[in-house]
Every structure is written in C-alpha cells, then in structure tokens.
Amino acid sequence: MQQNNHNYLYTFNHDPTERELCQLEARFVFNKVLQGKWLFTDVEVDPSCSAFIKNRLRIISCSDSYDTLIQEIKKENIEVEAFKVEYVVFDGDETPYTERLQKLRDIGYSIEGMHEYYNPDITYGMCYCEGTWYFGELLKNNFDWHKHKQKPYSFSNSISVNIGKALVNIAVNNTKESTLLDACCGVGTIMLEACFAGNHIEGCDINEKTAKNAKENLAHFNYNATIYHSDVKDLKHRYDSAIIDLPYNLFTSATDSDIEHIITATATLTDRLVIVSISDITDLINNIGFRIADYCSVSKRGKTNFARKIWVCEKRK
Ligand SMILES: C[S@@+](CC[C@H](N)C(=O)[O-])C[C@H]1O[C@@H](n2cnc3c(N)ncnc32)[C@H](O)[C@@H]1O
C-alpha cells in the first residue's frame, strides 16, 4: 500500500502493449516505480503532457471514514463561484452508482457556491482508494494533443503520439528548462509533443523534404521551434538531452554504419540520449562511452513480432 501523505494522487491508463513505456515514463517524471494504475507523489505535472496520466487530484482532505471526510471538507470553508464535483472510480471501489451520486451531492452541499456542469471555475474530485476517501482539486488530461494526429504530413511508420510524448517526458527528466534535440526529427511527431508541453526543443533531419514537412507541421499548430535541414554531425549547439528515433530499413535504407554515425555524432552534443531502435544497440552505446540507465520495449498493437526498444543512456563519468 502506498503512503497517502502526499500532495497529489495521479491515475494512469494504458494499452497492454504500452505498459512498460508508461512505467518508464513514470520513473522519469515522478522518480518512482508505478506498480498499479495510481501513484501518490509531491511532483506536480499537467496530466495532458502524458498519454498515460488520466487525472491529477490535488488532495485537500482524506479520511478512512466518509463522514469524517465530509466534516473535513466543511472545515475548509470552500467558497467558489462555479464548481463541479466528479467521482473518480478506482479499481476495487465497489460503491454503487446511486451511492456515488449521493456522495457527490454531499460534497456539493459542503462547498459554498453554484454547481456548474459545463463551465466550472474549478473541478473537484473524490475517490475511494485502498480504504481511504479522498477529496481534492481535479485536473484531467484534456487530450487536446490528439489534434496532432491530424498533422498535415505523416510517415506511415512514424512513432505514435503516445511514444512521442513519453520520449519527451523521459528526455526532460523532470527539468522543465531542459534543452532538447530531436536528432532525426522526421516529420516532427516528437517535436509537436515537446512544443505542446512547452519544452525547448530543436530538430534536425538530413532529408530536405522531411525537414520541410516537419516545419510545416509545427507551423500548422502555431508552434515555434528551430529545425535544421542537416546531417546531425554538422550541428554545433549542446543540449541537455537528445532523442534519436533511428531510421530503420523498413522505409529508409539505413545501414549499421549510418546508425553508428547518427549515435556517435549525437553523443558529441549531449551527455544524455534517449534512443529508439528496433535492434539491440547495447554494444554501440558502450563503445561511445555511455551507459544504459534505463530501458523498455514497446510492441505494436496486433504485431507481436515488431517491437521498438527505448534506451535511456548517460555519458559515463
Ligand atoms: C525513423 S525516422 C524519424 C521519424 C520521426 N520520429 C517522425 O515521427 O517523423 C528517422 C529519420 O532520420 C533521418 N536521418 C537519417 N540519417 C540522418 C542524419 N545523419 N542526420 C539527421 N537525420 C538523419 C531520416 O531522414 C529520417 O527522417
């Protein structure tokens, strides 16, 4: 059982094929191991920066007893113009629907203000998790980032938006000011997610048309980020982290030496790499003086023989 003396309770959801990715992301965002589908922490992040975080509850009151919870909420003397309360159902919470509605009413009567379903100033949440009742301010993933799926230019084999968001979070490593490089940016799937989350990212692609398409994709959503049409070896700046979604033979003709070239060149620009590959690149990582700090594998839904490997690498001191 997790401790509940934390400020936030986050809930997660993921497809079975992305469980490892969700857990890898959580290790970097929260510096904690995600065992089930929720996590207590003091780390504050916007759920919309992740494809896997569903809700964030900023805990205001909690109690093992429901009656005590209501008393605690009343003691808070909450006054809001327009509010809404939602019941978040956790695994193991068998409270029947009608009782849940009654509990929402109880909370509504404990707050001073008008209930406003469509346009609340604030949304509160309540839930029952492992024997304790919680009440707090609820922030939900707004899924606005789904709009990126309709970007003007795509690759048939681009990584998914979910992977793109996780790569950004892993690269950012909970340091909002991090400078990131997408070393092989393609049409900008990863860059769109970094820009959406407000991170500082630059991109690079050796292919002129692809780099142009990435620029147009960013402009389409009014994001501003530099994209270099260049071989990554010719970049000059240094970055806190670099993401490399390596080309693979499925739709580009990348040889082993191309892969080695990209990784070696990018490693001169940063001390931290987050690499996506379809083959084992352990030896390559060792040979460039980096160590594997973390790893996961993501298979493609419905394709058991295709898996992407994600390597988080740090320069050996
Ligand atoms: C797998 S794709 C990246 C896809 C990208 N993540 C997306 O979602 O669109 C790999 C990209 O690496 C680029 N590339 C290959 N060699 C490169 C190099 N030396 N420097 C920079 N980009 C390179 C290719 O042009 C290709 O667009």
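Residues in the sequence shown are numbered from -7 upward in steps of one, following the numbering used here. For each residue, glycine too, the CB sits at the ideal point set by N, CA and C.
Since residue i is in the alpha helix (DSSP H), which residue starts that stretch and which ends it?
| i | result |
| --- | --- |
| residue 286 | That residue, residue 286, is in no alpha helix (DSSP H); its beta strand (DSSP E) goes 282 to 292. |
| residue 99 | 89 to 101 |
| residue 276 | 274 to 279 |
| residue 202 | 200 to 212 |
So, helix, strand or coil for residue i, using DSSP?
| i | result |
| --- | --- |
| residue 327 | Because the chain here runs from -7 to 309, residue 327 falls outside it and cannot be looked at. |
| residue 8 | helix |
| residue 113 | coil |
| residue 108 | coil |
| residue 308 | coil |
| residue 230 | coil |
| residue 140 | helix |
| residue 119 | strand |
| residue 145 | coil |
| residue 40 | helix |
| residue 361 | Not covered by the structure: residue 361. The range shown for the chain is -7 to 309. |
| residue 253 | helix |
| residue 156 | helix |
| residue 184 | helix |
| residue 68 | coil |
| residue 62 | helix |
| residue 221 | strand |
| residue -6 | Here residue -6 scores only 43 on pLDDT, less than 50, and its place in the model is too uncertain to base an answer on. |
| residue 56 | coil |
| residue 32 | strand |
| residue 26 | coil |
| residue 236 | strand |
| residue 47 | strand |
| residue 167 | coil |
| residue 216 | coil |
Assign residue i to one of two classes, buried (16 or more other C-beta atoms within 10 Å of its C-beta) or exposed (fewer than that).
| i | result |
| --- | --- |
| residue 273 | buried |
| residue 123 | exposed |
| residue 265 | buried |
| residue 322 | What is shown of the chain runs -7 to 309, which leaves residue 322 out entirely. |
| residue 155 | buried |
| residue 191 | buried |
| residue 117 | buried |
| residue 178 | buried |
| residue 8 | exposed |
Could you spell out where the beta strand (DSSP E) holding residue i opens and where it closes?
| i | result |
| --- | --- |
| residue 76 | 71 to 80 |
| residue 268 | 264 to 269 |
| residue 195 | 192 to 197 |
| residue 124 | 124 to 132 |
Taking 8 Å as the CB-CB cut-off, is residue i touching chain E?
| i | result |
| --- | --- |
| residue 30 | Looking at the structure shown, chain E is missing, and only one protein chain is on hand. |
So, do the segment 249 to 262 and the segment 277 to 293 have three or more beta carbon pairs nearer to each other than 8 Å? yes
Cβ pair count under 8 Å reaching 3, the segment 89 to 108 against the segment 130 to 143: no
Using 8 Å as the Cβ pair cut-off and three pairs as the minimum, do the segment 191 to 206 and the segment 218 to 236 touch? yes
Three CB pairs or more closer than 8 Å across the segment 180 to 191 and the segment 137 to 144: yes
Inter-stretch contact at 8 Å, needing at least 3 Cβ pairs: the segment 6 to 24 / the segment 43 to 50: yes
Any contact of the segment 48 to 61 with the segment 111 to 130, i.e. 3+ C-beta pairs under 8 Å? yes
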